[in-house]
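A quick write-up on the structure given underneath.
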Amino acid sequence: MADADEDLIHAPANASAQPEVDLSDETQDFRFLNHLNFFADSSPGIPRRGEKDFEPNPTELQADVLSASRGAMHNALSYPRLHGAKTRVIAFYAPDGYVPPAQPGRAKPKAGGEDGKEDGKSSESTPKPARPLPNSARISPDACVYVPSPKGQFFKTMGQADSSSRVWLLPEEALYLIERGSLDIRWPSPSASAAGPGEEDLSVPMSLQAAYTCFMGRGGLTLERYSVYTGLKRLGYALFRAPGWCDDMEQQDAAVSDASELTSPELHGPGLAGMLGSLFNWIHDPRSTASTATGPIIGTGIHRHYMDVYRKLAIIPWYDPVTAPERHPSDTTPPFRVVFHIYKPSTPLKKSALPTPDFRIAVVSTRDQTTMPTMTELGALLESTPLDPPRGEKMDRMMYMRLRHGYRNVVMAVVDQGVVSYLRIADSAFGKEKLYENKGGPQGPKRNRTNQKPRKR
Amino acid sequence: MMATPVTTMDKTVAAKSGPASDARPPRAPRPPRPNFRQIHQFPLPVNVHHVPPVIPHNPLSLISVVLSYLTFLISPPRQEVYSAYFDKATSSIHVTDERSINALWQMGFFGKGSLSRSEPSWLAREKKRRGLHNGKTSEEITRLRRTERRELKLERARMEKLAIEERLKAEAAAREAGASESLDQAAQSTPTGDTTNVTAAATEKFSLKKAKEARALEAKQARELAAQNAALAGQNQPETSSNSKSVRFSPVVQKKEFLSTSPSSLQLPDSVISNLDADDFPNEEHLQLSNEEAFFLAYSLGALQIYDSHLKSGEIQSTSPTTTAALLQQFCHHSFQPARDASASLQPDDPFMISYTVYHHFRSLGWVIRSGVKFGTDYLLYNRGPVFSHAEFAVVIIPSYSHPYWSETEERKNYTAEKQARSWWWMHCVSRVQAQVLKSLVVCYVEVPPPAASLDDIGALFGQYKVREFLIKRWIPNRTRD
Chain A
1 MADADEDLIH
11 APANASAQPE
21 VDLSDETQDF
31 RFLNHLNFFA
41 DSSPGIPRRG
51 EKDFEPNPTE
61 LQADVLSASR
71 GAMHNALSYP
81 RLHGAKTRVI
91 AFYAPDGYVP
101 PAQPGRAKPK
111 AGGEDGKEDG
121 KSSESTPKPA
131 RPLPNSARIS
141 PDACVYVPSP
151 KGQFFKTMGQ
161 ADSSSRVWLL
171 PEEALYLIER
181 GSLDIRWPSP
191 SASAAGPGEE
201 DLSVPMSLQA
211 AYTCFMGRGG
221 LTLERYSVYT
231 GLKRLGYALF
241 RAPGWCDDME
251 QQDAAVSDAS
261 ELTSPELHGP
271 GLAGMLGSLF
281 NWIHDPRSTA
291 STATGPIIGT
301 GIHRHYMDVY
311 RKLAIIPWYD
321 PVTAPERHPS
331 DTTPPFRVVF
341 HIYKPSTPLK
351 KSALPTPDFR
361 IAVVSTRDQT
371 TMPTMTELGA
381 LLESTPLDPP
391 RGEKMDRMMY
401 MRLRHGYRNV
411 VMAVVDQGVV
421 SYLRIADSAF
431 GKEKLYENKG
441 GPQGPKRNRT
451 NQKPRKR
Chain B
1 MMATPVTTMD
11 KTVAAKSGPA
21 SDARPPRAPR
31 PPRPNFRQIH
41 QFPLPVNVHH
51 VPPVIPHNPL
61 SLISVVLSYL
71 TFLISPPRQE
81 VYSAYFDKAT
91 SSIHVTDERS
101 INALWQMGFF
111 GKGSLSRSEP
121 SWLAREKKRR
131 GLHNGKTSEE
141 ITRLRRTERR
151 ELKLERARME
161 KLAIEERLKA
171 EAAAREAGAS
181 ESLDQAAQST
191 PTGDTTNVTA
201 AATEKFSLKK
211 AKEARALEAK
221 QARELAAQNA
231 ALAGQNQPET
241 SSNSKSVRFS
251 PVVQKKEFLS
261 TSPSSLQLPD
271 SVISNLDADD
281 FPNEEHLQLS
291 NEEAFFLAYS
301 LGALQIYDSH
311 LKSGEIQSTS
321 PTTTAALLQQ
331 FCHHSFQPAR
341 DASASLQPDD
351 PFMISYTVYH
361 HFRSLGWVIR
371 SGVKFGTDYL
381 LYNRGPVFSH
391 AEFAVVIIPS
401 YSHPYWSETE
411 ERKNYTAEKQ
421 ARSWWWMHCV
431 SRVQAQVLKS
441 LVVCYVEVPP
451 PAASLDDIGA
461 LFGQYKVREF
471 LIKRWIPNRT
481 RD
């Protein structure tokens, strides 16, 4: 199974020791699979891939390498994948969504994980309708699979526990777990109630195909969103649904607030010398001959400084992301809406109190939305994210970095028939960086760069 | 034991072989760069007269300030105004006066030489070609670099081919021997002494640097092979050439290399040179300004006068320069292909209006903004100028029709939807190209206002547009994981 390298990703101590390997950028050399020990916990880490041959040549060496790779792949695939007795997790499908625990005094499983502890004190819940219960408020109405006795690391970042410490899984979470072979989902048994004591023996396991049929399309889960979810999940990220998940959120105020205005360049108060200077400036003020109607904008008089010239040139209004009002997520156009909050594997997480996400992601299907967003759509998407101005010593120093970072940012996953391209979109305000005020020259001498990588002008 | 005969053979073969197979001499150090800081010290073609500093405790400084003002009062310095003409055929502005060309290029990097890559350098290149001038123009440096790189790539391909051939030979030998020993051992047992080197190298790939290093070795191997082939009377020759990729220098590359390494060989015969007078040939090149650049110079800076037709320098200017309002009309009409009729009314979303808005925006912030057509974008942004640093940002422009006017009728809605539509494929193409050339992609949306009532006030007209920049970059989840 592919668990060995995934487990490594999840273990931050181990992962940090590894050199950074971008697996997707390297060529696929499956011979490395032979060196993986699927049983031992002390696996040496993610192996490096091999080198790339660009075209076939008639050497036996290449043929050997090819057949060895093929053999390794077959070998890895032919390995029997089983639910181990120790790690086996059984879940039940609840087609009607969340149902509160049937018996209030039902015995809790002894092996309740971390999530069980969270809800330990709220075990005296009564079988009232589910939604109003305070302790079950966190359980999404879209959840449709529950795990009576959760164990294993997956439930650190997935699922919501209810009052009887059952963990409820959202469709994408259940599908992801069943797809990677970490969950055994059972159909609800037709006769007995779901909470019957002998349920495990009677219930029928759900196939992967059935899982796709049941979960895809349920509660707003599209194939595109699932591709993004599972892709990032496998890379070790933790993903949670964002408030913008539902497309049919009611529009609160459709009126586009156009409060943002051009910030006119501020002129600093003049000192004594400045006042004297302005007096003299008055004699030959280019402004007297300046005309924006027919030009020249800067006038024909004597210019004292290039800064003044540039200040006079600023006639084009620009958008200032700082003064723009923040929008509610519902105030966006559906495909361009944050649907997932993403956390890096290294971010410490607590499901009950999620920190600020590391990334926010919107998922767009190129077949439904064939064109790039318009400025209104893209602007609304960015304004629904919190302000994240460039900060820090490095950012203060480097103007290019500030511009690249921007004031707000969002990741857009463009899914084209299963192929996901991620684009980071940042709201960078070039108008806030007055290049002409920069005393220092360019960011670095050109010569230093030439020995890094040939770069075109 | 093998060493001595090989070296002697080396010499004989080297003597016989042509110049192409010889290792090229090491590259000569580049000539010192001109002082760009000095040449391009002014960011705009506008004269600026600094006020002498006022030092409060030194009354003399005050006097110097007053003096400087008095001199300006008596004889105000004149702002240089350059002249150019509009060429309808290319729908661009031509500057033919030598002094204006230099001024516009040096102060703000406006325009491009009609016969050059960017800086007008045709005259220098031509002089050099005629042997009147030495020193390298930027075109030549670039060409040299490209030739070098291409040659190295060919070299790498040749090395790979050689390694494969050696490998094949070794495998064939192993098969013949029928022994169970490994291929590497078989390779060692082949008659040629140096093949182990090659087979060892075959297992790893060749970087360009490696190709460079291996060049000398490779030349030696090739000569050996040639000698062997001659000795074996072409026994292996047809076999190897039939089942492997043939790599050779294209005649173009050879010619170019020839040109760049030994320019003297291309010089005209001495008799011809002596006939030519050093400065007797005219400069055939002119500076070409894009319409945005020209409008910026004319309207914003007042540093350019544009005439309708080309006048010889000696002629008296009979016509007056085009007014900025007429210029705007003209440029807007010429922003379509073919140019619109002069009677057509101006639309707020004429391509020129939008592109000039962006041009002016970035110029007014201090960027040197030049066409990005080489990278498939609308503009490139340089910090200070192309001679100082590479462009960091590439700008593409997308109009935006968010004003309610544009969604009033169904017809307008369809029109604007078509105008702002950009496909995802286009977006990916642009962003991948920019990543390849290490530039950051800026998608610049320009908010188009409803049609204006009057076109008299150009400043007010452009004041209605609004610019918003988004920086779009590929996000690679593997790299941001920490």
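Protein chains in written order, with UniProt numbering: chain A, 1 to 457; chain B, 1 to 482. For glycine and all other residues, C-beta sits at the position ideal for the given N, C-alpha and C.
Interface flag, residue i vs chain B, CB-CB below 9 Å
| i | result |
| --- | --- |
| Tyr98 (chain A) | no |
| Thr356 (chain A) | no |
| Met395 (chain A) | no |
| Val256 (chain A) | Any reading at Val256 (chain A) is ruled out, since the residue's pLDDT is 39, under 50, leaving its predicted position unreliable. |
| Glu437 (chain A) | yes |
| Asp388 (chain A) | no |
| Asn57 (chain A) | yes |
| Thr370 (chain A) | yes |
| Asp253 (chain A) | Bear in mind that a pLDDT of 42 at Asp253 (chain A), under 50, signals an unreliable position, so the number given afterwards is only what the model happens to contain. No, because no Cβ of chain B sits closer than 9 Å to the Cβ of Asp253 (chain A). |
| Val309 (chain A) | yes |
| Ala314 (chain A) | yes |
| Glu60 (chain A) | yes |
Distance between residue j and residue i (C-alpha atoms, nearest Å)
| i | j | result |
| --- | --- | --- |
| Val448 (chain B) | Pro348 (chain B) | 6 Å |
| Ile101 (chain B) | Leu328 (chain B) | 23 Å |
| Arg468 (chain B) | Gly406 (chain A) | 12 Å |
| Thr59 (chain A) | Ala173 (chain B) | 13 Å |
| Val443 (chain B) | Ala429 (chain A) | 12 Å |
| Met107 (chain B) | Ile369 (chain B) | 13 Å |
| Ser163 (chain A) | Leu381 (chain A) | 36 Å |
| Thr294 (chain A) | Tyr400 (chain A) | 35 Å |
| Thr90 (chain B) | Ile354 (chain B) | 20 Å |
| Pro120 (chain B) | Ser421 (chain A) | 41 Å |
| Arg402 (chain A) | Pro390 (chain A) | 6 Å |
| Glu151 (chain B) | Ala157 (chain B) | 10 Å |
One or two residues paired with residue i in a DSSP bridge
| i | result |
| --- | --- |
| Pro399 (chain B) | B:Val446 |
| Asp416 (chain A) | A:Val419 |
| Pro39 (chain B) | Note that residue 39 (chain B) corresponds to Ile in the displayed sequence, not to Pro. Answer by DSSP bridge pairing: none, since Ile39 (chain B) is not bridged. |
| His303 (chain A) | B:Val48 |
| Asp96 (chain A) | Answer by DSSP bridge pairing: none, since Asp96 (chain A) is not bridged. |
| Lys466 (chain B) | B:Glu447 |
| Asp457 (chain B) | DSSP output for Asp457 (chain B) lists no bridge partner at all. |
| Asn409 (chain A) | A:Ala426 |
| Lys473 (chain B) | A:Arg424 |
Cβ-based burial, residue i [other Cβ within 10 Å; buried from 16]
| i | result |
| --- | --- |
| Gln160 (chain A) | buried |
| Asp378 (chain B) | buried |
| Gly217 (chain A) | exposed |
| Lys413 (chain B) | exposed |
| Arg225 (chain A) | buried |
| Ala394 (chain B) | buried |
| Val419 (chain A) | exposed |
| Ser300 (chain B) | buried |
| His334 (chain B) | buried |
| Tyr176 (chain A) | buried |
Short CB-CB distance (under 9 Å) between residue i and chain A
| i | result |
| --- | --- |
| Asn383 (chain B) | yes |
| Phe470 (chain B) | yes |
| Val373 (chain B) | no |
| Glu447 (chain B) | yes |
| Asn291 (chain B) | no |
| Trp426 (chain B) | yes |
| Lys153 (chain B) | no |
| Pro477 (chain B) | yes |
| Val99 (chain B) | A small fix is needed here, since residue 99 (chain B) is Arg in this sequence, not Val. False, the Cβ-Cβ gap to chain A never drops below 9 Å. |
Residue i Cβ short of 8 Å to the ligand SAM heavy atom set
| i | result |
| --- | --- |
| Thr323 (chain B) | Absence of the ligand SAM is noted for the structure shown, with no ligands found whatsoever. |
Sequence ranges, beta strand (DSSP E) only - wholly within the region 69-112 of chain B, length at least 3 | Along the region 69-112 of chain B, the beta strand (DSSP E) occurs as fully enclosed runs of 3 or more residues at 82-87 and 92-95, listed in sequence order.
Report the residue ranges of all alpha helix (DSSP H) runs contained in full by the region 328-383 of chain B; include only those spanning at least 4 residues, in chain order.
-> 351-364
Write down every uninterrupted run of the beta strand (DSSP E) in the region 302-382 of chain A whose length is 3 residues or greater and which is fully enclosed by it, in chain order.
-> 338-343 and 359-365
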